[in-house]
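Take the sequence shown: its position 24, counting from 1, is numbered 18 in my numbering, and each next residue is one higher.
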Amino acid sequence: MSETRLSFKEMCARFDVTPRTLRYYEYIELLQPERIGRQRFYGPRELARMTLILRGRRYGFQLEDIRQWLLIYENEGTEAQMRTFVEAADAQLEELARQKAQLEEAIDELRRMRDETRSTLETQTQRARG
């Protein structure tokens, strides 16, 4: 059975990323596709790395954090990578909770301002009619 290999275009389509994003991940050496002439091919290792990169980005991790996980995996193995991820995830969960609280506060404040403005507008409209 042959190994799965995707072309540059297929990789962009599979992960729904722009060519610019994929080239950038290669430029900063998060991905290292096999090159044959001018063509690039992405095997199982690169597919797994891309999955990890996109998950990390979705959860708000910086690319440098993701690079460290990938390096730890290559140099120290899965267990070390998982320990590092758990620590980073704990910190990120705290940060996301803080951001969520700030968003909830902003939403509540905006609703109050909207309701006050609506009330003022209704009062002015009634006076103008009245």
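A virtual CB, placed ideally from N, CA and C, is assigned to each residue, including glycine.
Counting other Cβ atoms within 10 Å of its Cβ, P13 stays below 16 and is therefore classed as exposed.
Annotation: the segment 29 to 72 contains the following complete segments of the alpha helix (DSSP H) (minimum length 4 residues), in chain order: 38 to 52, 57 to 70. Looking at the backbone, the Cα of G37 and that of E70 are separated by about 22 Å. For R(-1), there is no enclosing alpha helix (DSSP H), as DSSP marks it with neither H nor E. By the criterion of a C-beta distance shorter than 7 Å, Q75 is surrounded in its chain by W63, I66, Y67, once the five residues flanking it on both sides are discounted. In this chain, the alpha helix (DSSP H) harbouring L16 covers 13 to 21. Around L104, the same chain offers no residue with a beta carbon nearer than 6 Å, after the five sequence neighbours per side are excluded. Rounded to the nearest angstrom, the gap between the Cα atoms of P27 and A83 is 28 Å.
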